[in-house]
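Colleague: Got a structure for you, questions after.
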Amino acid sequence: MGEFDPKVRFTQSPIARLATATPDGIPHLVPVVFAVADSRGDPDVVYTAVDAKPKTTRRLRRLANIERNPQVSLLVDHYDEDWAQLWWVRADGVATLHSDGEPLATGFRLLRAKYPQYQSVSLDGPVIAVAVRRWSAWHA
């Protein structure tokens, strides 16, 4: 698969797991679709959004957790029967919630560009923008 570039592997992956913590410190992990902004020297920013896919509530635990503690992690991994192909990449950062403005527009634009499903599934916000503070990775 060539040279291992953690940011490229992360960016090209279709799904990540978003880790937040409840107010009493219990981990909360959910799968999310995401897109990474081209940073050009600025800190990397990962965007994910609340979309119109069916959910049990609009008041999602991940949003409440971020409001109380914005420290989050996003994990992308690859499993293969050939364990020489295993890898993972984690982005640790600070999350902010956006219901309007440029971060919302940027998140929607990047997500629509990466996922053709957003031509028929509505993005109705909010957007979570994660300013990545540290990248960690491992590969076989």
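In full-length UniProt numbering, the protein residues as written are 1 to 140.
By construction, the Cβ of each residue, glycine as well, lies at the ideal position given by its N, Cα and C atoms.
Bear in mind the structure is a predicted one, so any value in this text is a computation, not a measurement.
Please determine, among Arg68, Val72 and Tyr79, the residue with the shortest C-alpha to C-alpha distance to Arg9.
Modeller: Position 9 of the sequence shown, counted from the start, is the residue given in the question as residue 9. Checked all of Arg68, Val72 and Tyr79; the closest Cα to Arg9 is Tyr79.
Colleague: How far does the beta strand (DSSP E) with Pro14 in it reach, from first residue to last?
Modeller: Within the sequence shown, the letter at position 14 stands for residue 14. Looking at the DSSP string, Pro14 is not in any beta strand (DSSP E), and its letter there is neither H nor E.
Colleague: So for Ala140, helix, strand or coil by DSSP?
Modeller: The count along the sequence shown starts at 1 and reaches residue 140 at position 140. Three-state DSSP puts Ala140 in coil, outside helix and strand.
Colleague: Please look up how many angstroms separate the CB atoms of Ala49 and Val127, rounded, as I've assumed it's under 8 Å.
Modeller: The residue given as residue 49 occupies position 49 in the sequence shown. The residue given as residue 127 occupies position 127 in the sequence shown. That pair is a contact at about 5 Å.
Colleague: Give me, in chain order, the residues of the same chain whose beta-carbon lies closer than 7 Å to that of Arg61; leave out the 5 immediate sequence neighbours on both sides.
Modeller: Residue mapping note: residue 61 aligns to position 61 of the sequence shown, counting from 1. His28.
Colleague: Suppose only complete runs of 4+ residues qualify. What are the alpha helix (DSSP H) ranges in the segment 60-111, listed by chain order?
Modeller: Taking only runs of at least 4 residues, the alpha helix (DSSP H) segments lying wholly in the segment 60-111 are 61-68.
Colleague: Cα-Cα, which of Ile15, Leu18 and Ala140 is closest to Asp82?
Modeller: The residue labelled residue 82 in the question sits at position 82 within the sequence shown. Nearest of Ile15, Leu18 and Ala140 to Asp82, Cα basis: Ala140.
Colleague: Residues in the same chain with beta-carbon distance under 8 Å from Ala113, minus the five sequence neighbours each way, listed in chain order, please.
Modeller: Locating residue 113 in the sequence shown gives position 113, counting from the first residue. Once the five neighbours on either side are set aside, the close Cβ partners of Ala113 are Ala35.
Colleague: Note down, in chain order, each residue of its chain lying with its Cβ closer than 8 Å to the Cβ of Lys7, except the 5 sequence neighbours on either side.
Modeller: Residue numbering aside, residue 7 sits at position 7 when the sequence shown is read from its first letter. For Lys7, where only same-chain residues beyond five positions count, the Cβ hits under 8 Å are Val36, Asp44, Val89 and Trp135.
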